[in-house]
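A quick write-up on the structure given underneath.
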């Protein structure tokens, strides 16, 4: 688990080691993570949970051009 994304290099390193990854507070970096996943053919392996229980709640697949709130968590599975 990465509690808050401080750089895309963190995600790249962890994806090479673990089968699953949870990134908390990823809202401002969703597009960067999407681009990385797309380069690996894994863009459909991510699930987004954003503002759960609050206005604007979203739970679903990663949509790179959507605006996500601060309280956004991304779950990435190696295989879906």
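In my numbering, the protein residues as written are 389 to 468.
Where a beta carbon is used, it is the ideal one built from N, C-alpha and C, also for glycine.
Tell me, which residues are paired with residue i by DSSP?
i	result
residue 462	411, 436
residue 390	411
residue 449	435
Using three-state DSSP, classify residue i as helix, strand or coil.
i	result
residue 418	helix
residue 404	coil
residue 426	helix
Would the beta-carbon of residue i fall within 8 Å of that of residue j?
i	j	result
residue 402	residue 409	yes
residue 406	residue 438	no
residue 445	residue 424	no
residue 450	residue 467	no
Any idea if residue i is buried or exposed, counting beta-carbon neighbours within 10 angstroms, 16 or more meaning buried?
i	result
residue 462	buried
residue 421	buried
residue 464	buried
residue 415	buried
residue 427	exposed
residue 411	buried
Can a CB atom of chain D be found closer than 8 Å to the CB of residue i?
i	result
residue 419	Any reference to chain D falls outside this structure, which holds one protein chain only.
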